[in-house]
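**Student:** Structure provided below as C-alpha cells; questions to follow.
2 protein chains.
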Amino acid sequence: MKYGIALFPSKQVQDIANSYRKRYDPHYALIPPHVTLKEAFEADEDHIEEVVQKLSNVAKNTQPFSLNINKLSTFSPVTNTIYMKVEPADGLMELHQKLHQSDIPNGQTFSFVPHITIAQKLSDDEHSDVYGSLRMISHEFEETIDRFQLLYQLENGSWTVYETFRLGKG
Amino acid sequence: MKYGIALFPSKQVQDIANSYRKRYDPHYALIPPHVTLKEAFEADEDHIEEVVQKLSNVAKNTQPFSLNINKLSTFSPVTNTIYMKVEPADGLMELHQKLHQSDIPNGQTFSFVPHITIAQKLSDDEHSDVYGSLRMISHEFEETIDRFQLLYQLENGSWTVYETFRLGKG
Chain A
1 MKYGIALFPS
11 KQVQDIANSY
21 RKRYDPHYAL
31 IPPHVTLKEA
41 FEADEDHIEE
51 VVQKLSNVAK
61 NTQPFSLNIN
71 KLSTFSPVTN
81 TIYMKVEPAD
91 GLMELHQKLH
101 QSDIPNGQTF
111 SFVPHITIAQ
121 KLSDDEHSDV
131 YGSLRMISHE
141 FEETIDRFQL
151 LYQLENGSWT
161 VYETFRLGKG
Chain B
1001 MKYGIALFPS
1011 KQVQDIANSY
1021 RKRYDPHYAL
1031 IPPHVTLKEA
1041 FEADEDHIEE
1051 VVQKLSNVAK
1061 NTQPFSLNIN
1071 KLSTFSPVTN
1081 TIYMKVEPAD
1091 GLMELHQKLH
1101 QSDIPNGQTF
1111 SFVPHITIAQ
1121 KLSDDEHSDV
1131 YGSLRMISHE
1141 FEETIDRFQL
1151 LYQLENGSWT
1161 VYETFRLGKG
C-alpha cells in the first residue's frame, strides 16, 4: 500500500489555498491543502504498525513549531507548479529530517522545499498568466503546527488519513 | 468551526465504494468513503481540545470491533441515497452511543442506521435504474475497526482530519 506523511495548515490557510486549487490544481479533490513531509512510500499493511511506532517516537521527541508563510513562489522552469512558500524554519526542517531516518521506509526524495501547492500541471502560457496575477497578492501567515498525519492512497489517487501524531506527545 | 466524526473502512472497501461514488455521489471529492458516527456539529476552536479529551476517553474505554457489510440498500423513499449496509453490531452501536453522550456537542441527530453512502441526490428515475442494477451485486466484507477520526469542514465542503482516536488506546 502507498503511504505518505503530511501536515495540514489551519483551516484559514486551507480555504485560501483551495480558492486557487479549485481552478488551477487537478489534485484539488484528492487531498486537502497540505505540506508534504514525506513523499509516497510503499509499506506492507502487516508492517505499517512498526512504521507507526517509529513515527510516534519521532512525534514524542519533536516539539510543536511555528509555520510561516510569506509569499507565493513557483518551481518553474522545473515544473509549472505554483505554491505558498513555507519558511524552512528549524522546527519544520528538524521534523522532516527525523522522518527520513534510515529505519523509516523512503520513497522518492527531493531536497526539501517546504510548500503548499496551489497550482500545478499548467501549460507554460497558463503558468505565466496565473503566476503573473497571483504573485502580487500578499499571503502572510504564522501559525503553530502541533501534529502531522500518516495517510494512505486509494486507487483513485485520493488520500485517507490513517493516523494522527501529536508533536510532544506521540 | 464545523466538526464531524467518522470511521473509514479498509482501503478495499473504500476502493469499491469509490467505483460507484465517482459516478453517483456528488460528495465523492469531499471525503473518502466512510461511516458517519456523529453528524456535523459546531464547536469553538478554542474549546475543541475539551472535546478531544472526551473523545480520547471514549476511545480508551471502547474495544476494537468487527464491521460487517452484507448488502446494498437504499433510504428511498425518504431520500434517493444508496448505501452499503453496515450491520448494527454491538461494538459499533456502543461506540455511537458513547459519542452521543450529553457532554459532547451534538448536531442533527437521526436514529442511527450505519452505512457507507455510494450514491445520493439521484432523481427518482436515476435511483430506480442505479439501485435496480446494483442491488444484485454481492458485497460481503468483515473487517476490524480499531480507530475513528475527528474531522473539520472547509469552506468548499470538504473534510480534513483533525485527530485519530485508537480504540482501546485513546
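Residue numbers (this note's numbering), protein chains in the order written: chain A, 1 to 170; chain B, 1001 to 1170.
Glycine included, each C-beta is placed from N, C-alpha and C at the ideal position.
Owing to the predicted nature of the structure, the values given are computational and were not obtained by experimental measurement.
#1: Answer yes or no: does any C-beta atom of chain B fall closer than 9 Å to that of R23(A)?
#2: Using alpha carbons as the reference points, say which of L1134(B), W1159(B), A1119(B) and P1105(B) lies closest to E1049(B).
#3: Tell me the rounded alpha-carbon separation between E39(A) and V52(A).
#4: If I follow the unbroken alpha helix (DSSP H) through K121(A), where does it start and stop?
#5: For S1158(B), does the count of other Cβ atoms within 10 angstroms reach 16, so buried, or fall short, so exposed?
#6: Can you round the beta-carbon distance between D1146(B) and L1122(B) to whole angstroms, since I take them to be within the 8 Å contact cut?
#7: Could you tell me how far apart the beta carbons of K1054(B) and H1139(B) are, in whole angstroms, since I believe they sit closer than 8 Å?
#8: Using the Cβ count rule (16 or more neighbours within 10 Å means buried), how would you classify A89(A)?
#9: List the residues that DSSP assigns as beta-bridge partners of V149(A).
#10: How should T160(A) be labelled, buried or exposed, when 16 other C-beta atoms within 10 angstroms of its C-beta is the threshold for buried?
#11: To be precise: take each residue of the segment 1002–1013 of chain B, compare its Cβ to all Cβ atoms of chain A, and keep it if any distance is under 7 Å. Which residues remain?
#12: With a threshold of 9 Å between beta carbons, is R1135(B) in contact with chain A?
#13: Within a Cβ cutoff of 6 Å, which residues of the same chain sit near A1017(B), ignoring the five residues on either side of it in sequence?
#14: Once the 5 residues before and after E45(A) are set aside, which same chain residues still bring their CB inside 7 Å of it?
#15: Which residues, in chain order, does the segment 1147–1169 of chain B contribute to contact with chain A at a C-beta distance below 7 Å?
#16: Is there contact between the segment 20–34 of chain A and the segment 87–103 of chain A, where contact requires at least three CB pairs shorter than 8 Å?
**Tutor:** Working from what's here:
#1: no
#2: P1105(B)
#3: 16 Å
#4: Careful: K121(A) lies outside any alpha helix (DSSP H) and carries neither H nor E.
#5: buried
#6: About 33 Å separates the two Cβ atoms, so there is no contact after all.
#7: Between the beta-carbon of K1054(B) and that of H1139(B) there is about 34 Å, and that puts the pair past the 8 Å contact cut.
#8: The residue in question, A89(A), is exposed, as its Cβ has fewer than 16 Cβ neighbours within 10 Å.
#9: It should be noted that the sequence gives Gln, not Val, for residue 149(A). Bridge partners of Q149(A): A6(A) and T164(A).
#10: buried
#11: F1008 and K1011
#12: no
#13: P1033, I1116 and I1118
#14: So the list reads M1, once near-sequence residues are dropped.
#15: If the cut-off is 7 Å between Cβ atoms, the segment 1147–1169 of chain B has Q1149, Y1152, L1154, E1155, N1156, S1158, T1160, V1161, E1163 and T1164 near chain A.
#16: no
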